[in-house]
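>
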Amino acid sequence: MSSKVLLLGGSGSLGLEIAKCLKRVLIPFRAQTSSFDGAEKLQPYTPDIWIVDPVTNPEKIQGITEGITTVISGMGKSVSLFTNSPDTFNEVDHIGNAEVLLDALKNKVSYYIYISIKEAGDNDDYAIPKNHKKFEKKLEESGIPHCILRPVGLFSGLNDLAIMAKRNMIPVIGDGEAKTNSISQTDMAEVVLNTLKNRITGIRIIGGPEIHSRYEMALMIQERFGAKIVKIPSTIANVGAFLPQFFDKNLHDKVGFFKYITTHDMIGEKHGVITFRQYLNSIDENELP
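Just so you know, we're using full-length UniProt numbering here: the sequence shown kicks off at 1 and counts up by one.
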């Protein structure tokens, strides 16, 4: 059987970058997305697109791995404070991925790449890392050779701060001294491609090229958007009360984890070349909500 990849979550910010990489190096792939809008975004990169939501229609996921040798999963619920969907992190990050894994076992997929998050191995106090870890465990128990990539954070995940800056507010929780080397989704896609080409196994903690404190990043956002930096004491339980108003049934999980990751060091192996300042300069304010 010739080699073919299944890309889950293909229309997300990272998924699209992976799709571009796969097309560039002429690796044939099938892409999964849950919407027609997502399929339209993927059409330039592959003709083989499945529009299916494994959470709401698990029966329609059957057969998605037929003819597939490798699965790359970037499928997960958005952690943005400004997105609103009824599905929980357990339903998407854990159960949705597990449905595809069952199909992969049935069709004897030989290699699996799962894009998780750094805290999945260490923190079960929050729904987001807890449910990534649940799937990691199922993947490990499956016996399929695999690599788990745990990025410390993606620049696209920091778009919330740009959205808030557009509203003239950049929140910094605590003293802002916690450090991170988040990575651009473009550079992260190259890490995924390298992992695929070399069939790397195990767990890797992935970061970008530069380490900054959260306050340093806030200053760069201020320089780009001209907004006001607002320091919020980390002792305040309801951080969400200080943020622009939004509505999401998963708000508690998102705000709690946002508070945690912005007050703790999140550092991984250095990869890539795109800096946070370069990423900020590439943002079109008109595309921000």
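Positions of the beta carbon are idealized from the N, C-alpha and C atoms, including for glycine.
Is residue 168 buried or exposed, if buried means 16 or more other CB atoms sit within 10 Å of its CB?
Numbered from its first residue, the sequence shown carries residue 168 at position 168. So residue 168 counts as exposed.
> My output table needs one value for residue 262: the three-state DSSP class, helix, strand or coil.
Residue mapping note: residue 262 aligns to position 262 of the sequence shown, counting from 1. It is coil, neither helix nor strand.
> Helix, strand or coil for residue 33? Go by DSSP, reduced to three states.
To locate residue 33, count along the sequence shown from 1; it is residue 33. Correct three-state label for residue 33: strand.
> Give the secondary structure of residue 13 by DSSP, where H, G and I count as helix, E and B as strand, and everything else as coil.
The residue given as residue 13 occupies position 13 in the sequence shown. Looking at residue 13 - three-state DSSP - the assignment turns out to be helix.
> With a threshold of 16 other CB atoms inside 10 Å of the CB of residue 245, please say whether the residue is buried or exposed.
On the sequence shown, residue 245 is found 245 positions in, with the first residue counted as 1. Its pLDDT being 45, under 50, residue 245 is placed unreliably by the model, and the measurement read from it follows with that caveat. It counts as exposed.
> Is the CB-CB distance between residue 155 and residue 182 below 8 Å?
The sequence position of residue 155 within the sequence shown is 155, counting from 1. The sequence position of residue 182 within the sequence shown is 182, counting from 1. Yes, these two residues count as a Cβ contact at 8 Å.
> When you compare each of 158, 164 and 171 to residue 180 by their alpha carbons, which one comes out closest?
Walking along the sequence shown from the start, residue 180 turns up at place 180. Ranking the options by Cα distance to residue 180, first place goes to 158.
> Rounded to a whole number of angstroms, what is the C-alpha to C-alpha distance between residue 25 and residue 198?
Taking the sequence shown and counting its residues from 1, one reaches residue 25 at position 25. Taking the sequence shown and counting its residues from 1, one reaches residue 198 at position 198. Those two C-alpha atoms are separated by around 14 Å.
> What does residue 147 pair with, by DSSP beta-bridge criteria?
Taking the first residue of the sequence shown as position 1, residue 147 is located at position 147. Its beta-bridge partners are 113 and 202.
> If you draw a straight line from the alpha carbon of residue 17 to that of residue 185, how long is it in whole angstroms?
Walking along the sequence shown from the start, residue 17 turns up at place 17. Walking along the sequence shown from the start, residue 185 turns up at place 185. Looking at the two C-alpha atoms, the distance is approximately 7 Å.
> Going by DSSP, name the residue or residues bridged to residue 170.
By 1-based counting over the sequence shown, the position of residue 170 is 170. Under DSSP, residue 170 shares a beta bridge with 229.
> Residue 5 bridges to which residues according to DSSP?
Position 5 of the sequence shown holds residue 5. Its beta-bridge partners are 29 and 70.
> Let me make sure I understand the geometry here. Which of 174, 190, 47 and 35 has the alpha-carbon closest to that of residue 218?
For the purposes of this step, residue 218 is identified with residue 218 of the sequence shown, where counting begins at 1. Closest by C-alpha distance to residue 218, out of 174, 190, 47 and 35, is 174.
> Among the residues of its own chain, which have a CB less than 6 Å from the CB of residue 268, if the five just before and after it don't count?
Here the question's residue 268 lines up with position 268 in the sequence shown. For residue 268, where only same-chain residues beyond five positions count, the Cβ hits under 6 Å are 152, 205, 206 and 207.
> Have a look at the DSSP bridge pairing and note the partners of residue 212.
On the sequence shown, position 212 is the one that residue 212 refers to. Residue 212 is bridged to 180.
> How many angstroms separate the CA atom of residue 241 from the CA atom of residue 227?
For the purposes of this step, residue 241 is taken as the residue at position 241 of the sequence shown. For the purposes of this step, residue 227 is taken as the residue at position 227 of the sequence shown. Only weak support is given to the placement of residue 241: the predicted model assigns it a pLDDT of 46, under 50, and the value that follows is read from those uncertain coordinates. The alpha-carbon atoms of residue 241 and residue 227 are separated by roughly 19 Å.
> Residue 49 lies in the beta strand (DSSP E); which residues open and close that run?
For the purposes of this step, residue 49 is identified with residue 49 of the sequence shown, where counting begins at 1. Residues 49-51.
> Specify the secondary structure class of residue 22 as computed by DSSP and reduced to three states.
The count along the sequence shown starts at 1 and reaches residue 22 at position 22. Residue 22 falls in the helix class under three-state DSSP.
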